[in-house]
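In terms of our numbering, the numbers along the sequence shown are unbroken and rise by one, the last being 288. By construction, the Cβ of each residue, glycine as well, lies at the ideal position given by its N, Cα and C atoms. Please read these numbers as outputs of a predicted model, since none were measured by experiment. Below: one structure, written as structure tokens.
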Amino acid sequence: MYESKFFRARKIFGHVTLITGLGGEQAYLIEGGERALLIDGLSGVGSLKAFVRELTELPVTLVNTHGHVDHIGADFEYGEVRIAPEDIELMYAHSSREMRLDFAKSGAMFAPLPTEPRLSDVTVPGPVKTLPVKDGDIFDLGGVELEVIAVPGHTWGTVVFLDRDLRVVYSGDSCNRNTLLYGTESASIEEYKESLLHLKDFLPAFDGLWGGHGGGAETPDIVEDAISLCDEIMAGTDDGIEAMGFGGRPCLYAKKKDERFRRLDGGIANIAYSRDRIWKKDI
Ligand SMILES: [Zn+2]
């Protein structure tokens, strides 16, 4: 374990370090023989770039699983990022320092923060050189390869990364115990199910999903579980529990849960959605 005021780092595999920000958001530093890949940039409260420099001397490529506030903070420090083109506008929309500071402070809901973050701690937004990332891309780090799988749903530009040797997926917010699909930046449930079926094709290749929140890995069962939920939502047979989402947006939870997002029926996945975003829109 290595930590600063703003970040905690722990090795989860020999060449993979999980880095957690104040808000509980998670990034992964993957070191190959020649390069390192930093999957996600946290909320940008504190200098992630300086922290990563303490962990590796390799040249670092930054990539975003998607463009949300808690994943893009280091983009403005590195000045260059690989991101799906669909999420570039979202990345800039979520660049405000106040918004990112608020996210970091929200970590206090779960545990006391090691520091009281201030606006001056937040990376200053500015223009970022964005290079595309898309389904099927391979990141070759020298003896370590990551394969990109597009999973549009949580956002239109969501991508995940498969390491076939380690048999893991770095899954961002694509499929978890609290998958949020009610935002205007989200795909419909119908389209999300198509994405999950694409991810399902890769199930024989991995044993765990390391996501953007939550600490540990989920088992691959969560993918099939989420597909079933999509079917239930489209059939109108889910629990449809009314709740209030981020930004005061009303949403529905597909399954009853406790306050720590554990499903009461023993299932794993859960989806928060909006009734007007179940079906594909005709273009
Ligand atoms: Zn997100």
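Three-state secondary structure (DSSP) of residue i
i	result
ARG205	Residue 205 is actually Lys in this sequence, not Arg. LYS205 falls in the helix class under three-state DSSP.
CYS180	coil
ARG40	coil
GLY252	helix
PHE211	coil
ILE283	coil
ALA55	helix
ILE273	coil
GLU223	strand
LEU34	strand
ALA240	helix
PHE108	helix
LEU47	coil
LEU289	No answer is possible for residue 289: it lies beyond the span of the chain, which begins at 6 and ends at 288.
GLU8	strand
ALA2	The chain is shown only over 6 to 288; residue 2 falls outside these bounds and no answer can be derived.
LEU234	helix
GLU264	coil
Backbone CA spacing between residue i and residue j [nearest angstrom]
i	j	result
GLU91	ALA41	25 Å
LYS198	ASP263	25 Å
GLU62	ASN181	32 Å
PHE163	ASP140	The amino acid occupying residue 163 in the given sequence is Thr; Phe does not appear at that position. Using only the alpha carbons, I get a separation of about 10 Å.
ILE88	VAL133	11 Å
ILE35	ILE143	14 Å
ASP212	LEU167	11 Å
HIS73	HIS99	6 Å
ILE17	LYS110	26 Å
ARG268	ALA259	10 Å
HIS76	THR70	7 Å
GLN31	ASP80	15 Å
GLY250	GLU39	42 Å
ALA248	PHE12	31 Å
GLU8	VAL127	18 Å
TRP215	LEU151	14 Å
GLU190	ILE276	15 Å
LEU43	TYR33	6 Å
ALA289	PRO225	As displayed, the chain neither begins before 6 nor continues past 288, which places residue 289 out of reach and without an answer.
TYR278	LYS286	15 Å
ASP243	ASP145	42 Å
ALA14	GLU59	11 Å
ASP236	GLY252	27 Å
Contact belief for residue i with residue j at Cβ below 8 Å, rounded distance in angstroms
i	j	result
MET239	ILE283	6 Å
LEU202	GLY158	Contact doesn't hold; Cβ gap of about 11 Å is too wide.
PHE108	SER48	5 Å
ASP178	GLY217	5 Å
LEU53	GLY78	7 Å
LEU257	GLY241	Going by Cβ atoms, the distance from LEU257 to GLY241 rounds to 11 Å, so no, they are not a contact pair.
Selected residue, minimal CA-CA separation from residue i, among the options
i	options	result
THR135	THR66, GLU196, VAL149	THR66
ALA113	LEU257, ASP226, LEU27, GLY217	LEU27
PHE3	PRO130, ARG58, ARG172, LEU95	Residue 3 lies beyond the stretch modelled for the chain, which goes from 6 to 288, so this question has no answer here.
VAL86	ALA55, VAL68, LYS10	VAL68
LYS261	GLY252, ASN183, VAL228	ASN183
VAL174	ASP270, GLY271, VAL153	VAL153
GLY19	LYS10, PHE12, GLY37, GLU8	GLY37
GLU82	GLY188, ARG13, VAL57	VAL57
GLU195	LEU234, GLU223, VAL138, ALA222	LEU234
LEU124	PRO117, SER101, LEU204	SER101
VAL149	GLY131, VAL129, ASP170	ASP170
VAL50	TYR97, PRO130, SER176, MET6	PRO130
ARG254	GLY188, GLU94, GLY241	GLY188
PRO119	GLY29, ALA55, LYS205	GLY29
GLU121	ASP230, CYS256, LYS10	LYS10
MET96	PRO64, TRP161, ALA55	TRP161
SER338	GLY219, MET104, ASP281	There is simply no residue 338 to check, as the chain begins at 6 and stops at 288 in what is shown.
ARG265	VAL228, GLU229, GLY219	GLY219
Ligand 3 heavy atom lying under 7 Å from the CB of residue i
i	result
HIS76	This structure simply doesn't include ligand 3; it includes ligand 1 instead.
- Query: Which full runs of the beta strand (DSSP E) of 3+ residues lie inside the segment 70-96, going along the chain?
  - Reply: 85-87
- What are the complete beta strand (DSSP E) segments, minimum 3 residues, inside the segment 111-198? 134-136, 143-145, 150-155, 164-168, 173-177
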